[in-house]
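Written below as structure tokens is the structure these notes are about.
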Amino acid sequence: MLNGITAKLREAAFSVLPIVVIVLVLERTIARVSGPVAVLFFVSAAVLIVGMALFALGAEIAMTPMGELVGARMTQKRSLPFLISAGFLMGMVVTIAEPDLVVLAQQVPAFPNKALIFSVAAGVGFFLVVALLRMVFRKRLNLLLMGAYGVVFLLAVFADNDFLPVAFDSGGVTTGPITVPFILALGIGVAAVRGDRNAEEDSFGLVAVCSVGPILAVLVLGMFFDAGASRYAAELAQGPEEYSRILPMLLSGIPHYFAEVALALSPIVLVFAVFQIFWLKLPGRRLLRIAVGIVYTVVGLCLFLSAVNVGFLPMGQALGGRLAMLEHNWLIVPFAMGIGFFIVRAEPAVHVLNAQVEEITGGLISKGAMMTTLSLGIAASLGLSMVRILTSVSIWWFLLPGYALALGLSFFVPRIFTAIAFDSGGVASGPMTATFLLPMALGAAEALGGNPMANAFGLVAMVAMTPLIAIQVLAVICESKRRARDREQKEPVQEEIIDFDD
Numbered sequence: 053m054l055n056g057i058t059a060k061l062r063e064a065a066f067s068v069l070p071i072v073v074i075v076l077v078l079e080r081t082i083a084r085v086s087g088p089v090a091v092l093f094f095v096s097a098a099v100l101i102v103g104m105a106l107f108a109l110g111a112e113i114a115m116t117p118m119g120e121l122v123g124a125r126m127t128q129k130r131s132l133p134f135l136i137s138a139g140f141l142m143g144m145v146v147t148i149a150e151p152d153l154v155v156l157a158q159q160v161p162a163f164p165n166k167a168l169i170f171s172v173a174a175g176v177g178f179f180l181v182v183a184l185l186r187m188v189f190r191k192r193l194n195l196l197l198m199g200a201y202g203v204v205f206l207l208a209v210f211a212d213n214d215f216l217p218v219a220f221d222s223g224g225v226t227t228g229p230i231t232v233p234f235i236l237a238l239g240i241g242v243a244a245v246r247g248d249r250n251a252e253e254d255s256f257g258l259v260a261v262c263s264v265g266p267i268l269a270v271l272v273l274g275m276f277f278d279a280g281a282s283r284y285a286a287e288l289a290q291g292p293e294e295y296s297r298i299l300p301m302l303l304s305g306i307p308h309y310f311a312e313v314a315l316a317l318s319p320i321v322l323v324f325a326v327f328q329i330f331w332l333k334l335p336g337r338r339l340l341r342i343a344v345g346i347v348y349t350v351v352g353l354c355l356f357l358s359a360v361n362v363g364f365l366p367m368g369q370a371l372g373g374r375l376a377m378l379e380h381n382w383l384i385v386p387f388a389m390g391i392g393f394f395i396v397r398a399e400p401a402v403h404v405l406n407a408q409v410e411e412i413t414g415g416l417i418s419k420g421a422m423m424t425t426l427s428l429g430i431a432a433s434l435g436l437s438m439v440r441i442l443t444s445v446s447i448w449w450f451l452l453p454g455y456a457l458a459l460g461l462s463f464f465v466p467r468i469f470t471a472i473a474f475d476s477g478g479v480a481s482g483p484m485t486a487t488f489l490l491p492m493a494l495g496a497a498e499a500l501g502g503n504p505m506a507n508a509f510g511l512v513a514m515v516a517m518t519p520l521i522a523i524q525v526l527a528v529i530c531e532s533k534r535r536a537r538d539r540e541q542k543e544p545v546q547e548e549i550i551d552f553d554d
């Protein structure tokens with residue numbers, strides 16, 4: 053276990069340190085912020101590394117096995133009503149207490165918090181059932197996604213322009229670090245029972261389909277409430293004014309986030325406990341290992357959320373405001389792209405996805421290739437998001453062609469790449485996006501005197517969209533290289549046969 057923690061710490065450090073270096077360079081040169089805010093950020097980065105390491109280890113020994121066991125058992129019962137009811141219930145319970153969803157509800161005052169939370173949870177539950185049924189009946193993912201996003205964009209035509217970015221942001225926000233590992237593992241468990249040659253390809257795609265539910269739920273809610281009244285209302289965390297306040301601020305967040313994480317994980321643990329009592333009946337040694345993994349997950353996420361909400365959030369807002377006020381404020385575009393390239397590496401659920409992709413594909417798609425491709429995609433999304441803030445261009449000009457291109461590519465790449473790509477979109481838009489990148493965009497929009505609701509919001513949606521294209525472009529490149537290699541291997545064989553006959 054100690055070796056596992058050491059390896060995860062090393063991996064987390066390599067993921068976070070590039071962000072720290074970039075912020076340090078910017079803060080020391082052209083975007084100076086107050087000393088206490090900067091020190092709080094760097095202390096939080098150290099806490100973040102420990103939290104990421106513990107979470108990654110906990111997901112590996114607890115969350116993933118739990119999801120795989122539950123998914124396999126759901127399919128083994130061969131009962132469609134049971135699959136539908138259990139799938140809907142799990143989609144609801146893993147979404148209701150997702151911390152990022154609570155934050156979203158507080159930021160959108162156009163309708164009551166509970167109405168938003170339960171509507172989004174119902175949307176995730178419904179589409180989780182749809183995703184499971186797709187796997188059982190072996191339907192193509194790209195056709196399902198085309199139909200779902202067709203409905204989304206049809207409803208979006210009637211949505212308020214200021215409110216539209218929030219609806220798309222909700223799709224990325226609700227697939228957070230608690231929901232994603234469980235849902236990914238659930239798909240692997242269901243696919244394992246099928247056992248046919250397409251099962252591995254179909255094991256991905258659950259997160260992709262579930263991401264549609266929140267968008268539709270928020271768009272539908274906007275038709276019954278005054279969407280125009282929805283303005284950014286969340287109070288961003290204020291940085292410390294004195295150095296003596298740094299540790300108290302950081303420590304003060306831990307009890308709050310511990311309660312949040314425990315509440316968020318309790319429905320998953322409860323569902324697993326029911327399956328254990330009635331169907332799984334795992335031995336005590338296996339249960340003890342899972343219990344230890346749950347503890348690692350809770351502690352790791354608690355430290356992670358405390359660090360990003362207390363230390364990263366005020367730095368993001370201050371940095372965005374400083375960069376936007378530069379004489380050549382267009383520099384915010386390349387700087388944001390540089391931050392975006394590295395910050396995706398600090399998303400905890402990304403490492404879970406990359407590890408599962410490498411395992412399922414037998415190393416065909418390595419963790420390194422996935423991470424580099426995702427980094428390039430997020431860098432592009434951050435650059436485009438800053439262009440939106442500088443120019444006030446409508447998000448329609450980015451989302452509509454972006455999704456059209458992503459769905460079009462799905463007809464030309466292997467199906468497993470499409471499923472992985474659309475899963476990556478939901479996974480990449482996690483807590484680091486919501487608590488560092490979005491505040492940076494809000495700080496820039498406010499500094500420029502723009503409309504944060506229309507210009508800054510939508511960043512999460514952009515982060516969720518670009519991986520859909522980037523991963524599928526990776527697939528095109530891989531397929532082209534594979535075909536060229538196959539041709540090279542065949543040519544010498546043919547020449548030898550000709551020489552022999554002669």
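The opening position of the sequence shown corresponds to residue 53 in this note's numbering, with each subsequent residue numbered one higher. Note that CB positions come from ideal geometry on N, CA and C, so glycine has one too. No experiment lies behind these values; they were computed from the predicted model shown.
Is it right to say residue i is buried, meaning 16 or more other beta carbons lie within 10 angstroms of its own, or is it exposed?
| i | result |
| --- | --- |
| asparagine 406 | buried |
| alanine 285 | Low per-residue confidence applies at alanine 285: pLDDT is 48, beneath 50, and the placement is therefore not dependable, though the value from the model is reported in the following sentence. Exposed, by the Cβ-count rule. |
| glutamine 128 | exposed |
| proline 307 | exposed |
| serine 282 | The predicted model places serine 282 with a pLDDT of 46, which falls under 50 and marks its position as unreliable, so this point remains unresolved. |
| leucine 195 | exposed |
| serine 304 | exposed |
| isoleucine 529 | exposed |
| arginine 62 | exposed |
| isoleucine 412 | buried |
| tyrosine 201 | buried |
| lysine 575 | The structure shown does not extend to residue 575, since the chain spans only 53 to 554, so no value can be given for it. |
| arginine 125 | buried |
| valine 479 | buried |
| isoleucine 346 | buried |
| aspartate 248 | exposed |
| methionine 275 | exposed |
| proline 300 | exposed |
| leucine 132 | exposed |
Just to confirm, is the Cβ distance from residue i to residue j under 7 Å?
| i | j | result |
| --- | --- | --- |
| leucine 193 | glycine 123 | no |
| proline 70 | phenylalanine 387 | no |
| valine 404 | aspartate 221 | no |
| valine 68 | isoleucine 113 | no |
| phenylalanine 66 | glycine 363 | no |
| leucine 452 | methionine 198 | no |
| valine 323 | methionine 142 | yes |
| valine 89 | proline 366 | yes |
| aspartate 475 | valine 259 | yes |
| proline 319 | valine 145 | yes |
| isoleucine 523 | isoleucine 447 | no |
| proline 491 | glycine 368 | yes |
| isoleucine 562 | valine 204 | Missing from the structure shown is residue 562; the chain here goes from 53 to 554 and no further. |
| phenylalanine 178 | glycine 265 | yes |
| serine 427 | valine 396 | yes |
| alanine 527 | serine 481 | no |
| valine 360 | proline 233 | no |
| glutamate 312 | threonine 226 | no |
| alanine 376 | alanine 496 | yes |
| leucine 207 | leucine 271 | yes |
| glycine 502 | serine 444 | yes |
| alanine 83 | arginine 297 | no |
| methionine 187 | valine 261 | no |
Could you pull out every residue in the same chain whose Cβ sits closer than 7 Å to the Cβ of residue i, ignoring the five residues on either side in sequence?
| i | result |
| --- | --- |
| leucine 334 | Gln328 |
| asparagine 55 | none |
| alanine 493 | Gly372, Ser437, Ile441, Ala508 and Leu511 |
| leucine 457 | Ile521 |
| valine 321 | Ile346 |
| arginine 341 | Ile113 |
Measure how close the beta-carbons of residue i and residue j come, nearest whole angstrom, since I'm counting them as under 8 Å.
| i | j | result |
| --- | --- | --- |
| methionine 514 | serine 437 | 5 Å |
| valine 181 | glycine 139 | 4 Å |
| leucine 168 | leucine 273 | 7 Å |
| isoleucine 430 | threonine 518 | 6 Å |
| glycine 110 | alanine 183 | The pair is not a contact, with the Cβ atoms about 25 Å apart (cut-off 8 Å). |
| valine 77 | alanine 97 | Wrong, their Cβ atoms sit about 14 Å apart, outside the cutoff. |
| valine 209 | alanine 269 | The pair is not a contact, with the Cβ atoms about 17 Å apart (cut-off 8 Å). |
| glycine 477 | isoleucine 74 | About 24 Å separates the two Cβ atoms, so there is no contact after all. |
| valine 385 | glycine 435 | 5 Å |
CB-CB under 8 Å to residue i, same chain, minus the five flanking residues each way: which ones, in chain order?
| i | result |
| --- | --- |
| leucine 531 | Note on identity: in this sequence residue 531 is glutamate, with leucine being the wrong assignment. Closer than 8 Å at Cβ, skipping near neighbours: Val465 and Pro466. |
| glutamine 546 | Unreliable placement is indicated for glutamine 546, whose pLDDT of 47 sits below 50; the coordinate value is still reported in the next sentence. Correct list: empty, nothing qualifies. |
Apart from the five residues just before and just after residue i, which ones in its own chain have a Cβ nearer than 6 Å to its Cβ?
| i | result |
| --- | --- |
| isoleucine 400 | The sequence given here places proline at residue 400; isoleucine does not occur at that position. If we look at proline 400 and ignore the five residues flanking it on each side, its Cβ neighbours are Met104, Phe107 and Pro229. |
| arginine 130 | none |
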